[in-house]
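Protein chains in written order, with this note's numbering: chain A, -6 to 654; chain B, 148 to 623.
Structure representation (structure tokens):
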């Protein structure tokens, strides 16, 4: 391997720059100049993006063409030292998936920053917005580069916190406040599982680590991914005869870690926060809730993939929940009227896709792993574009409801063209980006023998095309259905330029040979070109979905009403998101609050506080009484001193007697 | 070379004393910078001093832990002089001005010399002489103001101090009688765990307990802390305590080391009583100096936990906590000294509304108090954590519980002061305090140190390494 270039050894610069910019913008520039704040924040992230591209270039040229790319930690330092062989490092892990995500995150983040300078123009809190965008970018980059579970967890929480700040950006709006709380509480609840998973696996990994010969460790620490994913370590973990509720340690910790990933990636039944999170500014949704944060869960599972694969059962969980979520969200997506919510459910559905792609992968059939990362890559671009396009439309129409729009294609031709590109991409039409990655996932499901999952994937592909074109037709075709929709203005170039860039990526990203670069380490290379047995049915289904959307929504709306009447209850249930929010609300408010929280609150107020007050009273009284000993008479003090000596003498003699015998 | 820091301090003391004769009142303002320069030079010399070596036929020795003690003494002295500068200058406000700055500084420096020597003594006579040099000047400093409170403080301090000193000397005598040697290092081999030995131990513990303010040898502290000028109180609470700890470590680790494990229960009892009484009585104090006296008593209780494990972990934890306690306590005293200097008050309630008048001072004081209370991530927390873990390792889990409850109690009274500063409104016509630059610098440095020691692991790691080396030098 050639010597590492500057940027490879200094990859920490990429997250450090947004962090510094966050501090600078948040503490110094925010009160001074809004404009400067936006500019600095954007430039900082832009610099990181430039460095990431450089880094990716250098990384790809580390090994001769055709050889698997390495995984290295060129830079790290010890952060926490617990015991002789248990320390936590902070560092930068560079491997194909982290480099890929580095590029995705910084690129989309830069484009969103640029777009936001136009979209957020004149908003109060403009500088605060950019400061938090910087903070988010830093946290996400720290997460991506994490070489161990602890750094990942720390950045994971930072990502959650910055997401909370951004969803609740319009904090005067009660709905935004409750949405941000909901997102935070649900993901935090899931993170509890993640933390437990880290503790469980850390406990056993530490013991294995301690029992291994030092020269076998290569300086790895127990919680390093490099250590946890070693085949010999995994074999020992799998061989442990420790069970909890009949589940082995490895599976238990994998499922617990997955719980954290499921929360961030909004897998069923923890999906409820993502649609509500659309209360945040639209560029935020593009960055966080489409391209970056929500894929952190997928990334986590991919990062720990050998753990899941060794467990097997954990992987089945990932696959089942992923497949179910993709279908479930697609059904709901067909019924929503808020353009951002449709996009949110489509994100859920696509995340499900990525998850089940990981779930069908194995060391024998590693294609799903590459496919999942490939889809993560392409999805980031076209989904960000869809959100930014939606933002452009909302900016013009001042409403999120697709039924307040219509006929926008004449007034907003550029937005229309770009939105169409992204919609075709997500529908999986050749040769746009989505086609390739979706095809790869479906092929992975088929070839690894998961026929049912393959069927679900095909069905969802068709439904995706349908509901995406539903919003496309309703928004851009037909007649204007509101005052604003009649005279919209095309967005300014600062918003259109990043969208155009994403448009190019949505078209071209499918030709980037991600599956060639991203290979499961230690598994056979399994990659093929387009499999026609998959491509043809999926394309047919996509076209069918588009045609159906055209049929129902391209022309007269009465057809829809008839259909809705026929579907009846099912439609209403789907439109109400299958009442999951109501169910959670019932469980929390009517059951937990009333029967658990209230009695505990009573106990706390009366018994616990009473005891505390009693303790306080006792301490105070004792203090007063003991204070009386301080008579001010030096004779008293002298006698205390002498009695003290006598007491110490007797205590020591007593100790001697009991110890001597 | 080994004794260079001590020699520099003695020389500085004499230079100040002689210069004082020739200078006018106004020119005496030069003495403070001169004293600081002397201490700084000693710090530099200490930096170059090797951390082991023997002088004077083994009566004076350097070891890695003595190095840390000397560092603590010198830093404490440096900061104390910085904090005192406002009261020593010729323009200081009258009733609270400290007269005769030359003599004040000379006595302080001689006192410092005693402490520096104390850390290096290896036989009974040197130990006793150094200990007296580390004590008697304090009587003078405590009574510096010659008013009713100051006189009372000085006199009480001297009477109790003499008593403690006598008991200790008696203990030394017994020890000599049993072993027939003056050399501390030769004693463990000659001692047996019998009543006479333990009798001597109890007498010595009482003498050191006086310096360390262990209950029930602490009764002088509140009065002296209150009556002495606040800078002297600051010096007393930090340096004198450090000196006490260095003697106790000398005695327990060098002389009574074979029995240390057997008497650990007695240490645990002493620690429990000290921290509990200190904390409980601190709750009801209204005078900030008395309040700090009881706070210092309880801190001594925590320090004792380090003796429960005989190994280097305990020693390292104690030395590190001492360092942390020194900078944190000095940062708190910086604000107390300034407040007293400009308002003349020592009442807790007179700190009300400080956050509105002097936000930065209030913040620094709050950090200092939080540090003493042991709130993460301040250094006070880390230091306490290390001490508590020593107790836990020694199997004294109940004592860790007691210490934890005590920490909670202590938070209550530290927060009482914070409440005055942050929640109560300022008094009518209260004016912001105007700190001099030297005091501000002292406060800034100690506050920064009290935070950094908690997050930067280097210092603890080097203390730990020193303690390990020191334990080896004890000749296991």
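Cβ atoms here follow ideal geometry from the backbone N, Cα and C, with glycine treated the same way.
Every value quoted in this text rests on a predicted model; they were computed, and no experiment measured them.
Query raised in the report: Since residue 280 of chain B contacts residue 257 of chain B with CB under 8 Å, what's their CB separation in whole angstroms?
Result: Start at 1 with the first residue of the second chain, and residue 280 of chain B comes out as number 133. Start at 1 with the first residue of the second chain, and residue 257 of chain B comes out as number 110. Confirmed, Cβ separation roughly 7 Å.
**Report entry** Nearest-angstrom Cβ-Cβ length linking residue 638 of chain A and residue 413 of chain B, presumed shorter than 8 Å
**Finding:** Numbered from its first residue, the first chain carries residue 638 of chain A at position 645. Numbered from its first residue, the second chain carries residue 413 of chain B at position 266. Contact flag wrong, Cβ pair sits at about 13 Å.
**Report entry** Member of A/510, A/156 and A/636 whose CA lies at the smallest distance from the CA of residue 63 of chain A
**Finding:** If you number the first chain from 1, residue 63 of chain A lands on position 70. Residue 63 of chain A has its Cα closest to that of A/510, out of A/510, A/156 and A/636.
**Report entry** Contact under 8 Å by Cβ, residue 376 of chain A with residue 283 of chain A
**Finding:** The residue labelled residue 376 of chain A in the question sits at position 383 within the first chain. The residue labelled residue 283 of chain A in the question sits at position 290 within the first chain. With respect to the 8 Å criterion, residue 376 of chain A and residue 283 of chain A are classified as neighbours on the basis of their beta carbons.
Requested in this report: Using alpha carbons as the reference points, say which of B/562, B/266, B/434 and B/240 lies closest to residue 373 of chain B.
Outcome: In the second chain, the residue the question calls residue 373 of chain B occupies position 226. Residue 373 of chain B has its Cα closest to that of B/434, out of B/562, B/266, B/434 and B/240.
Query raised in the report: Taking the C-alpha atoms as reference points, what is the distance between residue 336 of chain A and residue 179 of chain A?
Result: Numbered from 1 along the first chain, position 343 holds the residue referred to as residue 336 of chain A. Numbered from 1 along the first chain, position 186 holds the residue referred to as residue 179 of chain A. The straight-line gap separating the alpha-carbon atoms of residue 336 of chain A and residue 179 of chain A is approximately 20 Å.
Query raised in the report: Does residue 623 of chain A come within less than 8 Å of chain B when only Cβ atoms are used?
Result: The sequence position of residue 623 of chain A within the first chain is 630, counting from 1. Chain B contact via Cβ: present.
Requested in this report: Using 10 angstroms around the beta-carbon of residue 148 of chain B, count the other beta-carbons present and answer buried if the total reaches 16, otherwise exposed.
Outcome: Here residue 148 of chain B corresponds to residue number 1 of the second chain, with the count starting at 1. By the 16-neighbour rule on beta-carbons within 10 angstroms, residue 148 of chain B is exposed.
Query - Alpha-carbon to alpha-carbon, residue 9 of chain A and residue 187 of chain A - result: Taking the first chain and counting its residues from 1, one reaches residue 187 of chain A at position 194. Taking the first chain and counting its residues from 1, one reaches residue 9 of chain A at position 16. One C-alpha to the other measures close to 26 Å.
Query - Start-to-end residues for the alpha helix (DSSP H) that takes in residue 67 of chain A - result: Here the question's residue 67 of chain A lines up with position 74 in the first chain. Residue 67 of chain A -> not in any alpha helix (DSSP H); beta strand (DSSP E) instead, spanning 65 to 76.
Query - Contacting positions in the region 606 to 630 of chain A - beta carbon closer than 8 Å to chain B - result: Answer in chain order: 609, 612, 613, 615, 616, 617, 619, 620, 622, 623, 625, 627, 629 and 630.
Requested in this report: Could you say if the region 390 to 397 of chain B and the region 346 to 361 of chain B meet the contact criterion of at least three C-beta pairs nearer than 8 Å?
Outcome: The region 390 to 397 of chain B makes contact with the region 346 to 361 of chain B: 3 or more CB pairs, one atom from each, lie closer than 8 Å.
**Report entry** From A/240, A/373 and A/148, residue whose alpha carbon lies closest to that of residue 494 of chain A
**Finding:** If you number the first chain from 1, residue 494 of chain A lands on position 501. Comparing Cα positions, the closest option is A/373.
Requested in this report: Using a Cβ cut-off of 7 Å, pull out every chain B residue sitting near residue 601 of chain A, in sequence order please.
Outcome: Within the first chain, the letter at position 608 stands for residue 601 of chain A. The contacting residues do not exist; residue 601 of chain A stays about 15 Å from chain B at best.
Query raised in the report: Can you list, in chain order, the residues of its chain whose CB lies under 8 Å from that of residue 299 of chain B, leaving out five sequence neighbours each side?
Result: Your numbering for residue 299 of chain B matches position 152 in the second chain. Around residue 299 of chain B: 370 and 374.
Query - Unbroken alpha helix (DSSP H) run spanning residue 310 of chain A, endpoints - result: Sequence index remark: in the first chain, residue 310 of chain A carries index 317 (1-based). Element bounds for residue 310 of chain A: 306 to 326.
Query raised in the report: On the premise that residue 378 of chain A lies in contact with residue 415 of chain A, defined as a C-beta separation below 8 Å, what is that separation, rounded to the nearest angstrom?
Result: In the first chain, the residue the question calls residue 415 of chain A occupies position 422. In the first chain, the residue the question calls residue 378 of chain A occupies position 385. Yes, residue 415 of chain A and residue 378 of chain A are in contact; Cβ-Cβ is about 4 Å, under 8 Å.
Query raised in the report: Can you round the beta-carbon distance between residue 659 of chain A and residue 11 of chain A to whole angstroms, since I take them to be within the 8 Å contact cut?
Result: Lying outside -6 to 654, the shown extent of chain A, residue 659 of chain A is not represented and no answer is given.
Query - Supposed close pair residue 630 of chain B, residue 489 of chain B - CB separation, criterion 8 Å - result: This structure leaves residue 630 of chain B out entirely; chain B is present only between 148 and 623.
Requested in this report: Kindly indicate which three-state DSSP category residue 268 of chain B falls into: helix, strand or coil?
Outcome: Here residue 268 of chain B refers to the residue found at position 121 when the second chain is read from its first residue. Residue state, collapsed to three classes: strand.
Query raised in the report: According to the Cβ coordinates, are residue 561 of chain B and residue 516 of chain B closer than 8 Å?
Result: Here residue 561 of chain B corresponds to residue number 414 of the second chain, with the count starting at 1. Here residue 516 of chain B corresponds to residue number 369 of the second chain, with the count starting at 1. Yes; because the gap between Cβ atoms is below 8 Å, this pair is in contact.
Query raised in the report: Just how far apart, CA to CA, sit residue 654 of chain A and residue 190 of chain B?
Result: The sequence position of residue 654 of chain A within the first chain is 661, counting from 1. The sequence position of residue 190 of chain B within the second chain is 43, counting from 1. Confidence in residue 654 of chain A is poor, its pLDDT being 41 and thus under 50, which makes the residue's placement unreliable; the coordinate value appears in the next sentence. The C-alpha of residue 190 of chain B is placed about 50 Å away from the C-alpha of residue 654 of chain A.
Query - Three-way DSSP call (helix, strand, coil) for residue 347 of chain A in this model - result: Within the first chain, residue 347 of chain A is the residue found at index 354, counting from 1. It is helical.
Requested in this report: Residues of the region 48 to 73 of chain A with a CB closer than 8 Å to any CB of chain B: list them in chain order, please.
Outcome: If the cut-off is 8 Å between Cβ atoms, the region 48 to 73 of chain A has nothing near chain B.
Query - Counted within 10 angstroms of its Cβ, other Cβ atoms place residue 623 of chain B as buried (16 or more) or exposed - result: Here residue 623 of chain B refers to the residue found at position 476 when the second chain is read from its first residue. Its pLDDT being 49, under 50, residue 623 of chain B is placed unreliably in this model, and the value from its coordinates should be taken loosely. Only exposed fits residue 623 of chain B, as fewer than 16 other CB atoms lie within 10 angstroms of its CB.
Query raised in the report: Can residue 384 of chain A and residue 466 of chain A be called in contact, C-beta distance under 8 Å?
Result: One-based indexing of the first chain puts residue 384 of chain A at position 391. One-based indexing of the first chain puts residue 466 of chain A at position 473. Their beta carbons are not under 8 Å apart, which means residue 384 of chain A does not touch residue 466 of chain A by this criterion.
Query raised in the report: From the DSSP output, which residues share a beta bridge with residue 85 of chain A?
Result: In the first chain, the residue the question calls residue 85 of chain A occupies position 92. In the DSSP assignment, the residues bridged to residue 85 of chain A are A/68.
**Report entry** Interface positions of the region 496 to 518 of chain B facing chain A (Cβ-Cβ less than 7 Å), listed along the chain
**Finding:** So nothing in the stretch comes that close.
Query raised in the report: So with Cβ pairs under 8 Å, would you call residue 259 of chain B a contact of chain A?
Result: Your numbering for residue 259 of chain B matches position 112 in the second chain. False, the Cβ-Cβ gap to chain A never drops below 8 Å.
Report task. Could you tell me whether the region 311 to 323 of chain A touches the region 336 to 349 of chain A, where touching means 3 or more Cβ pairs closer than 8 Å? Result -> Yes, the region 311 to 323 of chain A is in contact with the region 336 to 349 of chain A.
Requested in this report: Since I believe residue 332 of chain B is in contact with residue 404 of chain B (beta carbons under 8 Å), could you give me their beta-carbon distance rounded to a whole number of angstroms?
Outcome: Residue numbering aside, residue 404 of chain B sits at position 257 when the second chain is read from its first letter. Residue numbering aside, residue 332 of chain B sits at position 185 when the second chain is read from its first letter. Between residue 332 of chain B and residue 404 of chain B the Cβ distance is about 10 Å, and since that is not below 8 Å, they are no contact.
**Report entry** Close Cβ partners of residue 656 of chain A (< 7 Å) along its chain, the five nearest in sequence each way excluded
**Finding:** Because chain A spans -6 through 654 in this model, residue 656 of chain A falls outside it and cannot be assessed.
Query raised in the report: For the region 584 to 648 of chain A, which segments carrying the alpha helix (DSSP H) assignment without a break, of at least 4 residues, lie completely within its bounds, in sequence order?
Result: For the region 584 to 648 of chain A, whole alpha helix (DSSP H) runs of length 4 or above, ordered along the chain, are 591 to 596 and 602 to 620.
Query raised in the report: How would you label residue 602 of chain A, buried or exposed, when you count the other beta carbons within 10 angstroms and need 16 or more for buried?
Result: Translated into the one-based positions of the first chain, residue 602 of chain A becomes position 609. Exposed, since its Cβ has fewer than 16 Cβ neighbours within 10 Å.
Query - Listed by chain order, chain B residues near residue 645 of chain A by CB distance under 7 Å - result: Working through the first chain from its first residue, we reach residue 645 of chain A at position 652. The contacting residues are 345, 348, 349, 410 and 413.
Requested in this report: Could you confirm whether any beta carbon from chain C is found closer than 8 Å to the beta carbon of residue 159 of chain A?
Outcome: The chain inventory of the structure shown lacks chain C, comprising the protein chains A and B.
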